[in-house]
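Written out below as structure tokens is the structure these notes cover.
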Amino acid sequence: MNALSHEERRDRIAELAPDELAEIEAEDEEDEWDLPALPNAEDVEEVRMRCAPNPNGPWHVGHARMPAVIGTYRERYDGWFCVRFDDTDPETKRPDLEAYDDILDDIEYLGFEPDAVYRASDRVETYYEHARELIELGGAYTCSCSGETFSELKNDGEACPHREKDVATVQEEFEAMVEGEYDSGEMVLRVKTDIDHKNPALRDFVAFRMIDTPHPRDVASEYRCWPMLDFQSGIDDHLVGVTHIIRGIDLQDSAKKQRFVYDYFDWEYPEVVHWGHVQLDAYDVPMSTSSIKELIDAGDLDGWDDPRAPTLASLRRRGIRGDAITDAMIGLGTSTSNVDLAMSSIYANNRELIDDESDRYFFVRDGTEIPLGGSPPAEANPPLHPDHEERGDRAIPIGDAVLVEPADVPDREERVWLKGLGCFQYTRDTLQYTGESIDVVREGDVDVIHWVPADENVPLRLRTMEGDVLGHAEPGVAALDSDDTVQFVRVGFARIDRHEDEETVAYFTHP
RNA sequence: GCUCCGUUGGUGUAGUCCGGCCAAUCAUUUCGGCCUUUCGAGCCGAUGACCUGGGUUCAAAUCCCAGACGGAGCACCA
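Reminder that position 350 of the first sequence reads as 349 in numbering that gives the first Met the number 0, one-by-one numbering, no gaps.
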């Protein structure tokens, strides 16, 4: 009705003022995008972006923002994006060899495919070459100050004695770094910025340092001299032609540091967009790779896909579509303030995606058994989906007794409507079939509840964010395939995970 | 301590650059109503926000100043 009147209105406007209509619809076209326009996107031949994760574990939900926003911009501008694993710290942010593929999987789940994939640990020689060039330009020096010593000098705006070394010495010492002749902490290469820059964070930052621990990837295990993120990332962004950098506020100062390097090389720095941190409501577990890992190691979580873990693997197992997450992330925009993402927003998106295809089944939690009397029908035949009669009915044999949820057990002499079956009155601890029509429900006197036969049913474990719930589902659930999503009537949506000998396991999706 | 950045309903967001059409958009949440043999869907409706104080102006969510609150960086982490 609404759509129709909208059409009518549109036609009316088309008749009266065709020019205005075109204008209105052109504006609508622009409004199609929820994200703000990228700065100067029109000035570049191709919008090129990168998604630069640290492969130190599978992704939590917050990570989804990167591919969601970058991938959406790619579609919008018909641009390009790569995934670049910034795995240049084999020690404190030690890469997890499985995480590289896990992350690419997660990105695919979210609905995107990168145009290219790089690993920084494959490109160390490239960073060395640029370091050499930078040294030659007088933009870097080797420094053997301890961290504390340099920090003190830096905070006072004073240069350390190494800053004035001649280029030949710096070259020599840097080559010794590359050859691994120093131990961890002995020598670094610093970028010469501005030693009394008003922001202490920007003064002569470290570009390369020594790390004794070998990189877990075989191809990179011989390197001991590793670039820091600000250097490596800055070089790579230029080399792959990145036009727009989109990253978190924790890297707000990065652009300023990297500009010093770009100035030495006479490169043009990309446009930058910074966003704040994402918090999720609804979880007890903190959303950080390291704390989730600790909980798994301690046995408090079953794994990365435990329903209580705020990870993408978990949401996926619960039957939440990647698109539901992506859309919620797009809705957050790109503001620099920290944001709380409500899970309900992901749920609302997902419900819209799965409601239509999720058939309906009964699942009774903690069932209370009640005998039936009064000769009810032998079989109940509720529809698989109330909006899709063409899908047919389920067949639920009745037997002599049913299980209902304890909260649904009616008071004495009260009537209750067993959904898909009929009206019963609770008399002498028995549900007596009354044969009344559905009108008694319409009149509002009788509650509709779900149930399963006490004899023929499927024991089912429903894994939820609050822990596992045991109960029994109607027989048809045994025939469902893994990955099917269903709606357990009056309980909520769930994804069928597997059938075991003793029970079927399903994951609770959301109400 | 030094340096950046931010603050629109419960949550997120639009609007802020270029002041008026903003008693402020959209989504979600919550609460009602209708419908439905549903916790779902659909339809209708309601509640609910411009951090504070000054200033400029005919006019401020929007510009200026101050303050409060929040965040980030000052790592040989990313």
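For glycine and all other residues, C-beta sits at the position ideal for the given N, C-alpha and C.
8 Å Cβ shell around residue i - same chain, five flanking residues per side excluded
{"i": "ARG414", "result": "CYS422, PHE423, GLN424, TYR425, THR433, GLU435, VAL439, ASP444, VAL445"}
{"i": "ILE448", "result": "VAL403, GLU404, ASP407, VAL415, TRP416, LEU417, LYS418, ARG489"}
{"i": "ASP252", "result": "ASN198, ALA200, LEU201"}
{"i": "TYR268", "result": "ALA254, GLN257, ARG258, TYR261"}
{"i": "PRO35", "result": "GLY332, THR333"}
Cross-strand partners of residue i (DSSP beta bridge)
{"i": "THR426", "result": "THR429"}
{"i": "MET48", "result": "PHE80"}
{"i": "HIS243", "result": "GLU270"}
{"i": "THR503", "result": "LEU459, HIS498"}
{"i": "GLN251", "result": "DSSP lists no partner for GLN251."}
{"i": "ILE448", "result": "LEU417"}
{"i": "MET209", "result": "CYS224"}
{"i": "ASP392", "result": "PRO382"}
{"i": "LEU402", "result": "GLU368, VAL451"}
Endpoints, alpha helix (DSSP H) assigned at residue i
{"i": "ILE148", "result": "Per the sequence presented here, residue 148 reads as Thr, with Ile not at that position. Its alpha helix (DSSP H) spans residues 146-154."}
{"i": "GLY330", "result": "321-330"}
{"i": "TYR222", "result": "First-last for TYR222: undefined, no H or E at that position."}
{"i": "THR125", "result": "123-135"}
{"i": "LEU294", "result": "288-296"}
{"i": "LEU103", "result": "98-108"}
{"i": "VAL476", "result": "Where VAL476 is concerned, there is no enclosing alpha helix (DSSP H), given that its DSSP letter is neither H nor E."}
{"i": "ASP313", "result": "The question names Asp, yet the displayed sequence has Ser at residue 313. SER313 -> alpha helix (DSSP H) spans 311-316."}
{"i": "ASP85", "result": "Unbroken run through ASP85: none, as it is neither H nor E."}
{"i": "VAL439", "result": "438-441"}
Reduced DSSP secondary structure (H/G/I, E/B, other) of residue i
{"i": "GLN231", "result": "helix"}
{"i": "PRO458", "result": "strand"}
{"i": "PRO409", "result": "coil"}
{"i": "ILE397", "result": "coil"}
{"i": "HIS384", "result": "coil"}
{"i": "GLU368", "result": "strand"}
{"i": "GLN278", "result": "strand"}
{"i": "HIS214", "result": "coil"}
{"i": "LEU3", "result": "Low per-residue confidence applies at LEU3: pLDDT is 29, beneath 50, and the placement is therefore not dependable enough to give any value."}
{"i": "GLY515", "result": "With the chain running from 0 to 510 in the structure shown, residue 515 is simply not present."}
{"i": "PRO57", "result": "coil"}
{"i": "ASP236", "result": "helix"}
{"i": "ALA36", "result": "coil"}
{"i": "ALA175", "result": "helix"}
{"i": "LEU469", "result": "strand"}
{"i": "LEU201", "result": "helix"}
{"i": "PHE362", "result": "strand"}
{"i": "ARG118", "result": "strand"}
{"i": "ASP339", "result": "strand"}
{"i": "GLU378", "result": "strand"}
{"i": "THR91", "result": "coil"}
{"i": "VAL485", "result": "strand"}
{"i": "THR333", "result": "coil"}
{"i": "LEU300", "result": "coil"}
{"i": "HIS161", "result": "helix"}
{"i": "VAL284", "result": "coil"}
{"i": "VAL166", "result": "helix"}
{"i": "HIS196", "result": "coil"}
Own chain residues within Cβ distance below 7 Å of residue i, not counting five before or after
{"i": "GLU26", "result": "Low per-residue confidence applies at GLU26: pLDDT is 37, beneath 50, and the placement is therefore not dependable, though the value from the model is reported in the following sentence. Same-chain partners within the cutoff: there are none."}
{"i": "ASN232", "result": "Going by the sequence as given, residue 232 is Ser instead of Asn. Once the five neighbours on either side are set aside, the close Cβ partners of SER232 are ALA51, ASP85."}
{"i": "THR288", "result": "ASN55, GLY56, HIS59"}
{"i": "ILE319", "result": "ILE345, ASN349, THR508"}
{"i": "LYS292", "result": "GLY56"}
{"i": "MET328", "result": "ALA63, ARG64, ALA67, VAL68"}
{"i": "ARG246", "result": "HIS273"}
{"i": "ASP339", "result": "GLN278, ASP280"}
{"i": "ALA130", "result": "ALA139, PHE173, LEU188, ALA206, PHE207"}
{"i": "GLN431", "result": "GLY372, GLY373, PHE423, GLN424"}
{"i": "LEU294", "result": "VAL284, LEU300"}
Anticipated Cβ contact below 8 Å, residue i with residue j, distance rounded
{"i": "ARG49", "j": "VAL239", "result": "7 Å"}
{"i": "THR503", "j": "VAL485", "result": "Not a contact, Cβ separation roughly 11 Å."}
{"i": "ARG315", "j": "PRO306", "result": "Rounded, the Cβ-Cβ distance is 11 Å, inconsistent with contact."}
{"i": "ARG189", "j": "ALA139", "result": "6 Å"}
{"i": "VAL166", "j": "GLU135", "result": "7 Å"}
{"i": "PRO375", "j": "ILE353", "result": "In fact, because the Cβ distance is near 33 Å, the residues do not count as touching under 8 Å."}
Residues near residue i by beta carbon distance below 6 Å, same chain, minus five either side
{"i": "TRP225", "result": "THR87, ILE210"}
{"i": "ILE395", "result": "ALA379, GLU473"}
{"i": "GLU157", "result": "none"}
{"i": "HIS196", "result": "ARG202"}
{"i": "VAL271", "result": "ILE244, ALA254"}
{"i": "ASP483", "result": "ILE495"}
Host beta strand (DSSP E) of residue i (start-end)
{"i": "ALA139", "result": "139-142"}
{"i": "LEU188", "result": "187-190"}
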